[in-house]
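Student:
Protein chains: 2
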Amino acid sequence: MTGGRRRSESSRLAILDAARDLLLERGYERLTIDAIAARAGVGKQTIYRWWGSKGAVVADAALEGGLAPPLVAPPDTGDIEADLRAWLRDWTSRLASGVGTSLILALTAATAEDHAVADVLYERFTAPHEQLLRDRLELARVAGQLGPQAPVPTIAGVLIGSLLYRVLSRQEPPTADDADLVVRVVLGGAGG
Amino acid sequence: MTGGRRRSESSRLAILDAARDLLLERGYERLTIDAIAARAGVGKQTIYRWWGSKGAVVADAALEGGLAPPLVAPPDTGDIEADLRAWLRDWTSRLASGVGTSLILALTAATAEDHAVADVLYERFTAPHEQLLRDRLELARVAGQLGPQAPVPTIAGVLIGSLLYRVLSRQEPPTADDADLVVRVVLGGAGG
């Protein structure tokens with residue numbers, strides 16, 4: 001590794017650390033590229049050379065800096081309703097911390113404003129969580145707890161999308177009751 | 001109105017027109033504050049004086065510039081399943097145009113990155129659509145097409161959130177089949 005490359009890697013890490021710390025301290029809304037540059041001791045242009053937007057820096061900071069929630073599979077007690085409730089309630093508690101909601105809003109902004117970042121975030125953050133949920137739903141389908149033709153990918157998307165919409169539209173985390181209602185609608189149906 | 005106030009209003013309108021036109025021409029991702037300023041013939045600082053972010057300008061441009069989809073109530077044929085399908089399919093066709101997806105991504109970015117913009121967008125854009133959907137669901141509940149205790153606000157959020165998540169995670173509009181599957185899960189339930 002050349003000295004230049006080493007300096008460059010240390011700047012990159014300083015920027016990611018600064019972005020992570022500032023996100024925790026002040027939240028996404030009040031986070032600026034200027035503040036990240038000042039904290040990291042680099043010029044603003046250095047940040048723009050590597051990242052196209054604030055969201056892109058924050059996405060990398062979350063993925064590399066250990067902010068992103070850990071990958072935890074839904075429980076498998078054999079009761080799909082109880083397990084989905086537990087999984088969704090677990091997410092609502094994670095979101096209920098300031099960091100949780102801030103982080104999801106930050107990752108959503110990054111996704112919505114930059115196509116390339118969206119692909120990376122989907123692949124590295126969203127898809128692994130979604131896959132664990134699909135796996136649990138598929139077990140339930142095979143066990144006869146869902147209809148034999150239940151559209152597992154759609155159900156997973158409905159569960160995740162409901163929580164996400166709740167965070168976006170209210171700018172606050174869903175409650176445990178919200179989580180229970182979503183599971184009730186998705187498993188039991190609203191009809192008849 | 002003083003000359004200064006008049007100039008100021010004409011700059012504001014020029015900025016909103018420029019933002020709307022550029023969004024149509026190149027999409028949200030390649031839209032910059034610099035380009036809006038150049039097209040509108042104002043300084044960049046004039047834009048930052050009134051709006052805190054690109055998303056905030058685009059939100060106003062959408063709301064005032066007629067880009068936002070018209071408020072159309074779900075049909076009421078007396079068959080809630082057919083009516084929800086028609087309503088969701090209608091949204092998928094709107095989203096299928098480049099502008100539709102671009103616009104929803106832009107409004108989502110604006111919502112996720114700025115708390116104050118989020119409130120305005122929810123009140124002026126999202127809530128009116130959501131209310132029409134809730135009204136239709138409430139009619140169905142009263143008519144016995146949904147369960148007597150069906151949680152109407154949750155159901156509306158589940159339907160909207162599912163489509164939104166689909167757009168965000170795939171960066172492309174849902175299909176008519178996606179819409180039908182979501183309605184099937186939400187009305188019929190995935191269980192048993």
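Top to bottom, those sequences are chains L and E.
If you count by the UniProt record's numbering, then the first sequence holds residues 1 to 192, one letter each, in order.
If you count by the UniProt record's numbering, then the second sequence holds residues 1 to 192, one letter each, in order.
Ideal placement from N, C-alpha and C gives every residue a C-beta, glycine not left out.
What are the residues that DSSP puts in a beta bridge with L:L146?
Tutor: E:G191
Student: Flag this pair as touching only if the stretch 7-24 of chain E and the stretch 98-111 of chain E have three or more C-beta atom pairs under 8 Å; answer yes or no.
Tutor: Result yes; three or more Cβ-Cβ pairs closer than 8 Å.
Student: List the residues of chain L that E:S169 touches, going by C-beta distances under 7 Å, in chain order.
Tutor: Going along chain L in sequence order, the residues near E:S169 (Cβ under 7 Å) are Y122 and T126.
Student: Starting from L:A37 and walking both ways along the alpha helix (DSSP H), at which residues does that stretch end?
Tutor: I33 to A40
Student: Does the beta carbon of E:T92 sit closer than 7 Å to a beta carbon anywhere in chain L?
Tutor: no
Student: How many whole angstroms separate the CB atoms of L:L63 and L:R124, which I take to be in contact at a CB cut-off of 8 Å?
Tutor: 6 Å
Student: Going straight from the alpha carbon of L:G41 to that of L:P153, what length do you get?
Tutor: 45 Å
Student: If you measure between the beta carbons of E:I80 and E:A140, is that distance less than 7 Å?
Tutor: yes
Student: Since E:D17 contacts E:G65 with CB under 8 Å, what's their CB separation in whole angstroms?
Tutor: 7 Å
Student: Whose Cβ in chain L lies nearer than 7 Å to the Cβ of E:A112?
Tutor: L105, T108, A109, A112 and L168
Student: E:P74: buried (16+ other C-beta within 10 angstroms of its C-beta) or exposed?
Tutor: buried
Student: Going by beta-carbon coordinates alone, are E:V186 and E:V167 separated by less than 7 Å?
Tutor: no
Student: Nearest to E:A68 by CA position, among E:Y48, E:L95 and E:G78, is which residue?
Tutor: E:L95
Student: Closest to L:I15 by C-alpha separation, out of L:G161, L:V142 and L:Y48, would be which residue?
Tutor: Nearest option by C-alpha distance: L:Y48.
Student: Let's test the definition: count the other Cβ atoms within 10 Å of the Cβ of E:V72 and tell me whether it reaches 16, buried, or not, exposed.
Tutor: exposed
Student: Are the stretch 116-135 of chain L and the stretch 162-180 of chain E touching, with three or more C-beta to C-beta distances below 8 Å?
Tutor: yes
Student: Give the DSSP-derived three-state secondary structure of E:A51 in the structure shown.
Tutor: One point to set straight first is that residue 51 of chain E is Trp, not Ala, in the sequence displayed. Coil.
Student: Is L:T92 buried or exposed, if buried means 16 or more other CB atoms sit within 10 Å of its CB?
Tutor: Buried, since its Cβ has 16 or more Cβ neighbours within 10 Å.
Student: With DSSP run on the structure shown, which of helix, strand or coil describes residue 227 of chain E?
Tutor: Missing from the structure shown is residue 227 of chain E; chain E here goes from 1 to 192 and no further.
Student: Can you give me the start and stop residues for the alpha helix (DSSP H) that L:S93 sits inside?
Tutor: I80 to A96
Student: By the 7 Å beta-carbon criterion, what residues does the UniProt domain "HTH tetR-type" (9-69) of chain E contribute toward chain L?
Tutor: Y28 and E29
Student: Show which residues of chain E have a CB atom less than 9 Å away from the CB atom of L:L164.
Tutor: G161, L164, Y165 and L168
Student: Please list, in chain order, all residues of the same chain as L:L160 whose beta carbon is under 6 Å from its beta carbon, the five residues on each side excluded.
Tutor: The sequence as given places Ile at residue 160 of chain L; Leu does not occur at that position. Within the same chain, L:I160 has no close Cβ partners at all.
Student: I want to see whether chain E comes within less than 7 Å of L:L133, judged by CB atoms only; does it?
Tutor: no
Student: Does L:P75 have its Cβ less than 7 Å from a Cβ in chain E?
Tutor: no
Student: Do E:L121 and E:A59 have their C-beta atoms closer together than 7 Å?
Tutor: yes
Student: Give the straight-line distance between the Cα atoms of L:R30 and L:D178, rounded to the nearest whole angstrom.
Tutor: 28 Å
Student: Identify, in the order they occur along the chain, each residue of the same chain with its Cβ nearer than 6 Å to the Cβ of L:A190, setting aside the five sequence neighbours on each side.
Tutor: none
Student: Taking the straight line between their C-alpha atoms, what separation do you get for L:V117 and L:R39?
Tutor: Whole-angstrom Cα-Cα distance: 23 Å.
Student: With the cut-off set at 7 Å, would you say E:T101 and E:P174 are in Cβ contact?
Tutor: no
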